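Undergrad: Got a structure here, written out as structure tokens. Questions coming.
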Amino acid sequence: MRALTWDHVVAYVESASRWVPVREAGWEHDAYAMYVWRSVRKKGDTKTRRSRRTLKLPQICVDALKRLQEHQGDNAGDAPAEHELVFCTQSGRPLSAGNVRRDFRKVLDKAGLVGAEWAPREMRHSFVSVLSDHGIPIEDISRLVGHRSTTVTETVYRLQIRPVMEHGATAMDGIFSDAGGATAQEP
């Protein structure tokens with residue numbers, strides 16, 4: 047996310063039947079997305095070409111990005127023109143990993159958690175957990191987090207993928223209860 051530019055935040059403009067950067071399209075549309083095509087890696091590319099993806103944005107993110115862009119516009123005189131980053135320092139410079147960790151921990155401390163015990167990468171694990179707990183198929187989760195297959199998602203995030211582990215038992219309960227057999231009671 048540190049490499050995300052405003053050109054990669056897009057709105058679907060129905061009259062043009064295409065995605066247009068919000069700087070041109072504005073915020074008066076029904077669908078928004080972000081192109082996850084860049085990275086802070088040495089050559090600026092994502093980890094793999096298959097990691098490139100376009101993610102539709104939920105309305106809560108659209109609202110936050112709109113406020114952020116307005117705030118940045120209010121402070122435009124402070125930022126160098128060569129940087130059009132969505133997430134940057136107050137002076138418009140790219141964020142370092144240390145900047146992100148520090149600010150992330152400040153937010154957690156304000157929320158009553160111990161910020162020093164958390165790292166930003168744990169938001170990725172939380173994202174997988176929340177989607178998994180809401181029944182999103184592992185294949186969809188895998189694509190959303192940029193994995194080539196479900197193998198990495200299942201291996202790295204195995205503790206967060208609760209519904210996948212429950213499907214077998216749920217199916218068996220349904221099969222055996224339909225067959226007239228007794229099913230185990232919950233504890």
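The sequence shown runs 47 to 233 under our numbering.
Virtual Cβ for every residue (Gly too), placed ideally from N, Cα, C.
All values reported here derive from a predicted model rather than from experimental measurement.
#1: If you count every other CB in all the chains shown that lies within 10 Å of the CB of Ile221, and 16 or more means buried, which is it?
#2: Out of His180, Arg170, Ala217, Glu60, which has the shortest C-alpha to C-alpha gap to Arg202?
#3: What does the alpha-carbon distance come out to for the pair Ser223 and Ala217?
#4: Determine the closest residue to Val174 out of Asp219, Glu185, Gly72, with distance taken between C-alpha atoms.
#5: At what residues does the alpha helix (DSSP H) containing Arg69 begin and finish?
#6: How about the segment 102-118 and the segment 74-81: do they share at least three Cβ pairs that are nearer than 8 Å?
#7: Taking all protein chains shown into account, do 16 or more other C-beta atoms lie within 10 angstroms of the C-beta of Ser63, making it buried, or fewer, making it exposed?
#8: Could you give the first and the last residue of the continuous beta strand (DSSP E) run that contains Ala57?
#9: Quick one: using the 10 Å Cβ neighbour count with 16 as the cut-off for buried, is Ala215 buried or exposed?
#10: Taking C-beta to C-beta, are Gly161 and Lys152 nearer than 8 Å?
#11: Can Val55 and Val132 be called in contact, C-beta distance under 8 Å?
#12: Does the beta-carbon distance from Thr199 to Ile187 come in below 8 Å?
#13: Can you tell me where the alpha helix (DSSP H) holding Leu177 begins and where it ends?
#14: Whole angstroms are fine: how far does the CA of Val191 sit from the CA of His180?
#15: Excluding the 5 residues flanking Val146 on each side, which residues of the same chain have their C-beta closer than 6 Å to its C-beta?
#16: Checking 8 Å against the spacing of the C-beta atoms, do Leu154 and Trp164 come in under that value?
#17: Give me the Cα-Cα distance between Trp52 and Glu130, rounded to the nearest whole angstrom.
#18: Rounded C-beta distance between Arg69 and Leu141? I'm assuming under 8 Å.
#19: Taking just the CA atoms, how far does Val59 sit from Trp65?
TA: On the basis of the data shown:
#1: exposed
#2: In the sequence as presented, Arg is not what sits at residue 202; that position holds Val. Of the candidates His180, Arg170, Ala217, Glu60, the one whose C-alpha sits nearest the C-alpha of Val202 is Arg170.
#3: 10 Å
#4: Glu185
#5: 68-71
#6: yes
#7: exposed
#8: 55-59
#9: exposed
#10: yes
#11: yes
#12: yes
#13: 167-179
#14: 16 Å
#15: Pro166
#16: yes
#17: 6 Å
#18: With a Cβ gap of about 20 Å, Arg69 and Leu141 do not count as contacting.
#19: 6 Å
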